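Engineer: The structure under discussion is supplied below as structure tokens; questions concerning it will follow.
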Amino acid sequence: MKRLAPFILAVEALGIVVFSATYDSLDFRIYWLGGHAVTDGARLYQEQLAEHYFTNTPFMAALFIPLAAVPLLLARMLWQLASLAAFVWACGLTVRMAGRRVPLVVVVAAGLLLQPVWQSFFLGQVNLVLLALVLADLHRVARGRPAGIGIGMATAIKLTPAVFVVLLLLSRRTKDAVTATATFAVCTFVAYAIAPDASRLYWSHIFYDTSRVGVSYISNQSPYGALTRVLRGTAEVGGWYTAIPLTLGLCGLALAALWARRDDWLGATAVTGATGLLVSPISWAHHWVWIVPALAVLLRNGHRKSALTAYVLFAVSPLWWTPHGGDPREYGFHVLLTPVANCYLLAGLSFLAYMAFRLRISPPVPSSDRGGRRRPVPCGAASRAVRDPERVPGG
């Protein structure tokens, strides 16, 4: 794989360039049109752009004002190349947080084959940029440095990264949480200054409105999406559902905070990313780019078979093999079809259960880094430390 990785990555990069030059990615077109519409009163949210509503924040639309000033083809190619650079950066940060010497070219080449990643390119989505911003901040946290700007910007672009602000608070990184909140506020006020009408409409009505998207579409791998399919419609999901994301959020964030307090920020990042996907009412398949740090955690812990199983699941993405797109068999409960149709959701729940079990049976062994901070030895090294302390850093 190491020898083939540069060739595979070159083919993938060339494919992204050719694809972005020839295919009109739907979500990017909406972003680009949003850059045109954001300064035109409240039209950004009142009218459909490319036959779909703009559902992101006004700040996201404001960021696309410069790209809206150039032709669509050029803007799309610049955006896709920037997304590729962000993904490379995110992979590099993940490898460093895992504490493993793995060739970056191998990680990137393998990562680009994951369905959430390549679908982000297919649609021209913002997910890879958000992944890089959050990982950049948490990598700084792991090294004991001030952070928060990346998470704040990511939250201002798309609200779901706000779950990482809660992680900072629970892990007693109060200054970083304040920095993230302040960054979010500044970005939001900048967007308000640019587009006051659109901002008022978004924050008063739009940001919690799920009726503008197809909640029950197979790509929505959240608990809410699964229930709307099983119960045959959003009307059947009552107010009782609030208890589900609340419970998942409390449990997931508590688990992430426990890993963070042990200085395992890669584990905390992966758990928080999974928790955010399970709490959100809309978690499209391409939102599940948080599989990248989750896979790194499994590999670091020495669970190669589990990592391979998860990789194949997210590369093959069998949910798309099940009836969808209005097929009657998409709705209701089916013993064989339903678990496959919600495989990302089940994988996310399984990962949280795994991390809870791992926390209990394998407490990390601390060691000192250059800065004098205490950090965990990768899981699996604890037993080796007992047999041969010289093989473990700080042993």
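Under our numbering, the residues of the sequence shown are numbered 1339 to 1733, in order. Just so it is clear, CB atoms sit at the ideal spot from N, CA and C, and this is done for glycine as well. These numbers come from a predicted model, not from an experiment.
Is Trp1659 buried or exposed, if buried means 16 or more other CB atoms sit within 10 Å of its CB?
Structural biologist: That one is exposed.
Engineer: Mind checking who Leu1506 pairs with in its DSSP beta bridge?
Structural biologist: Answer by DSSP bridge pairing: none, since Leu1506 is not bridged.
Engineer: Between Ser1706 and Arg1481, what straight-line distance do the alpha-carbon atoms span, to the nearest angstrom?
Structural biologist: Low confidence applies to Ser1706: its pLDDT is 37, below 50, so where it sits in the model is not reliable, and the reading given next is rough at best. Between Ser1706 and Arg1481, the C-alpha separation is close to 12 Å.
Engineer: So who's on the other strand from Leu1387, going by DSSP bridges?
Structural biologist: For Leu1387, which the question treats as bridged, DSSP gives the partners His1390.
Engineer: Determine the DSSP secondary structure at Asn1639, reduced to helix, strand or coil.
Structural biologist: In the structure shown, Asn1639 sits in coil (DSSP, three-state: anything other than H, G, I, E or B).
Engineer: Pick helix, strand or coil for Leu1342, following the three-state DSSP scheme.
Structural biologist: Correct three-state label for Leu1342: coil.
Engineer: Hey, quick one: how far does the alpha helix (DSSP H) through Pro1677 stretch, first residue to last?
Structural biologist: Its alpha helix (DSSP H) spans residues 1675-1679.
Engineer: Which complete alpha helix (DSSP H) runs does the region 1572-1610 hold, if anything under 4 residues is left out?
Structural biologist: With a minimum length of 4 residues, the continuous alpha helix (DSSP H) runs that stay inside the region 1572-1610 are 1581-1599.
Engineer: Which of the three DSSP states is assigned to Thr1660 in this structure?
Structural biologist: Reduced to three states, the DSSP call for Thr1660 is coil.
Engineer: Apart from the five residues on each side of it in sequence, which residues of its chain come closer than 6 Å, Cβ to Cβ, to Ser1421?
Structural biologist: Excluding sequence neighbours, Ser1421 sits near Leu1466.
Engineer: Inspect the beta-carbon positions of Gln1559 and Leu1476 and report whether they are closer than 9 Å.
Structural biologist: Cβ distance not < 9 Å, so Gln1559 and Leu1476 don't count as in contact.
Engineer: Taking Ala1520 and Gly1490 to be in contact with their CB atoms under 8 Å, please state how far apart those CB atoms are, rounded to whole angstroms.
Structural biologist: Between Gly1490 and Ala1520 the Cβ distance is about 7 Å, and since that is below 8 Å, they are a contact.
Engineer: By the three-class DSSP mapping on this structure, what secondary structure does Pro1666 have?
Structural biologist: In the structure shown, Pro1666 sits in a helix (DSSP, three-state: H, G or I).
Engineer: May I have the straight-line CA-CA distance separating Asp1365 from Ala1592, to the nearest angstrom?
Structural biologist: If you take the alpha carbons of Asp1365 and Ala1592, they lie about 34 Å apart.
Engineer: Specify, as a first and last residue, the run of the alpha helix (DSSP H) that Phe1522 falls within.
Structural biologist: Looking at the DSSP string, the run of the alpha helix (DSSP H) that includes Phe1522 is 1512-1532.
Engineer: Should His1543 be labelled buried (16 or more other beta-carbon atoms within 10 Å of its own) or exposed?
Structural biologist: His1543 is exposed by the Cβ-count criterion.
Engineer: Considering only C-alpha positions, which residue in the set Leu1637, Ala1343, Ser1621, Lys1643 is nearest to Gly1686?
Structural biologist: Nearest C-alpha to Gly1686: Ser1621.
Engineer: Just to confirm before moving on: does the CB-CB distance between Val1455 and Phe1425 stay below 9 Å?
Structural biologist: Contact: yes.
Engineer: How would you write the range of the alpha helix (DSSP H) that Asp1547 sits in, first residue to last?
Structural biologist: Careful: Asp1547 lies outside any alpha helix (DSSP H) and carries neither H nor E.
Engineer: Ignore the nearest five residues each way along the sequence and tell me which others in Gly1587's own chain have a CB closer than 7 Å to its CB.
Structural biologist: Cβ within range, chain order: Thr1613, Val1617.
Engineer: Just verifying my parser: in three-state terms, what is the DSSP assignment at His1477?
Structural biologist: DSSP places His1477 in helix when its eight states are reduced to three.
Engineer: Between the C-alpha atoms of Val1356 and Thr1432, what's the straight-line distance to the nearest angstrom?
Structural biologist: Val1356 and Thr1432: Cα-Cα distance of roughly 28 Å.
Engineer: Within 10 angstroms of its Cβ, does Pro1396 collect 16 or more other Cβ (buried), or is it exposed?
Structural biologist: Buried: at least 16 other Cβ atoms inside 10 Å.
Engineer: Is it true that the CB of Ala1428 sits closer than 9 Å to the CB of Leu1505?
Structural biologist: Contact flag unset, no.
Engineer: Relative to the C-alpha of Val1635, which candidate in Gln1384, Arg1381, Ala1606, Ser1554 has its C-alpha closest?
Structural biologist: Of the candidates Gln1384, Arg1381, Ala1606, Ser1554, the one whose C-alpha sits nearest the C-alpha of Val1635 is Ala1606.
Engineer: Can you check whether the CB of Gly1430 is closer than 9 Å to the CB of Val1445?
Structural biologist: Yes; because the gap between Cβ atoms is below 9 Å, this pair is in contact.
Engineer: Could you check the C-alpha separation between Phe1527 and Leu1633 for me, to the nearest Å?
Structural biologist: Answer to the nearest angstrom: the Cα atoms are 37 Å apart.
Engineer: Suppose you measure from the CA of Asn1639 to the CA of Ala1485; what does that come to, to the nearest Å?
Structural biologist: Taking the straight line joining both Cα atoms gives about 26 Å.
Engineer: Shortest alpha-carbon distance to Arg1510 belongs to which of Tyr1562, Trp1597, Leu1411?
Structural biologist: Cα-wise, what sits closest to Arg1510 is Trp1597.
Engineer: Please report how far the alpha carbon of Ala1286 lies from the alpha carbon of Leu1637, in whole angstroms.
Structural biologist: The structure shown does not extend to residue 1286, since the chain is modelled only from 1339 to 1733, so the question has no answer here.
Engineer: When you compare only the Cα positions, how much space is there between Arg1439 and Ala1343?
Structural biologist: Answer to the nearest angstrom: the Cα atoms are 15 Å apart.
Engineer: Name the residue from Tyr1562, Gly1449, Gly1670, Leu1382 whose alpha carbon lies nearest to the alpha carbon of Thr1580.
Structural biologist: For the residues Tyr1562, Gly1449, Gly1670, Leu1382, the minimum Cα distance to Thr1580 belongs to Tyr1562.
Engineer: Taking DSSP as the reference, what is the three-state secondary structure of Tyr1682?
Structural biologist: Helix at Tyr1682.
Engineer: Is Asn1558 helix, strand or coil when you go by DSSP?
Structural biologist: In this structure, Asn1558 counts as coil in the three-state DSSP scheme.
Engineer: Determine the contact status of Arg1413 and Trp1370, defining contact as a CB-CB distance below 9 Å.
Structural biologist: Looking at the sequence itself, residue 1413 is Ala, so the reference to Arg does not match. Contact flag set, yes.
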